[in-house]
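Counting from 43, one number per residue, gives the positions in the sequence shown under this note's numbering.
Where a beta carbon is used, it is the ideal one built from N, C-alpha and C, also for glycine.
Below is one structure, written out as structure tokens; the observations come after it.
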Amino acid sequence: MIKSELIVEAAHWVERMRKVIVWIVLTLVVAVSLVYFKADLLISILIKPLNGVQLYFLTPAEGFMAKMRVSFLGGLVLASPVILLLILRQTGTKLAKKTKRLLIFLIIPFSFVLFVGGMAFGYRLILPSTIKFLMEVGSGFMTPTLSGDEYFSFVGTLLLCIGLIFELPLILIALSRIGIVTSKMLKGKRKVAIMLSLLTIAVISPALDVFTYLLVTMPILVLYEISIWTIVFLEKRDKRLSHIKNSEAS
């Protein structure tokens, strides 16, 4: 009896997930289509760090594929809040209404702002220096013939990685809520966090001068500190609520 109930429940869950996946695909199609109509503007923005270096397409379809790649990356970013809401609708059925409202009206919008802010930060400070460095390294013994599709793939990957790095506060706060990390643990690992931040930026962009290098690292360290003090606040709130419940129970 229990086994049959589990099978029925699993079948219902699979059916709901199928519907969610269909809606996610439709959302992506709409978002990518919208971005495609403005892809030329987005492309003109992304090629500015090249400072006039010409892009080429090496196969007949590469120009179209490059435009589709830019449209897909832009559409993915544009659709990400809706996709998160669709996933939450499926996986968060047992969440309290207060928690759901917090996720919908605060955490998801804040996550989107952090992600887009990280990408903008990377575009302004990291991307130009990285491209300049990589072009200069090869210019001594090769003539650059840049493939448009490969260039946009490189730029998209770099900016998406930086956007994800800026999600650090939400990731650490989520880990604290499920008991994996604590504020005390994070405070004790400050030096490690600083070293990892420096190493991460060095790997992503080895071309930065010392001033820009420190300037780029600072936001990551600030986000780390914000994470710690947010977790401290939540831990104190949890203790206070637990104390109130224990007092009422006694």
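- Counting C-beta atoms within 10 angstroms of its own C-beta, I220 has fewer than 16 neighbours from the protein chains shown and is therefore classed as exposed.
- With respect to the 8 Å criterion, E209 and L148 are not classified as neighbours on the basis of their beta carbons.
- Only residues of its own chain outside the window of five on either side were considered, and among them G198 have a CB closer than 6 Å to the CB of L115, listed in chain order.
- Taken through DSSP and simplified to helix, strand or coil, L100 comes out as coil.
- The beta carbons of L118 and G190 sit about 19 Å from each other, so the pair does not count as a contact at 8 Å.
- With respect to V112, A162 sits apart: the two C-beta atoms are not nearer than 8 Å.
- Cα atoms of P123 and I66: separation of roughly 11 Å, rounded to the nearest angstrom.
- Taking every protein chain shown into account, the CB of G160 has 16 or more other CB atoms within 10 angstroms, so this residue is buried.
- Excluding five sequence positions before and after F154, the CB atoms of its chain that fall closer than 7 Å to its own CB belong to S122, P123, given in chain order.
- The beta carbon of T259 sits closer than 7 Å to the beta carbons of S239, L240, I243 from its chain, once the five residues preceding and following it are set aside; these are given in chain order.
- P91 is classed as buried because its beta carbon has at least 16 other beta carbons within 10 Å across all chains shown.
- With a contact defined as Cβ atoms closer than 8 Å, V62 and Q132 qualify at about 5 Å.
- DSSP lists Y98 as the beta-bridge partner residues of S189.
- DSSP places P91 outside any alpha helix (DSSP H), giving it a letter other than H or E.
- Rounded to whole angstroms, the separation of the alpha carbons of G205 and I286 is 40 Å.
- Here V158 has V119, G205 as same chain residues with Cβ atoms under 8 Å from its own Cβ, once five neighbours each way along the sequence are excluded.
- For C203, the CB contacts under 7 Å within the same chain, skipping 5 residues up- and downstream, are I246 in chain order.
- If you draw a straight line from the Cα of P186 to the Cα of S269, it is about 43 Å long.
- Across the set K233, G164, I215, the C-alpha of K233 shows the shortest separation from the C-alpha of L263.
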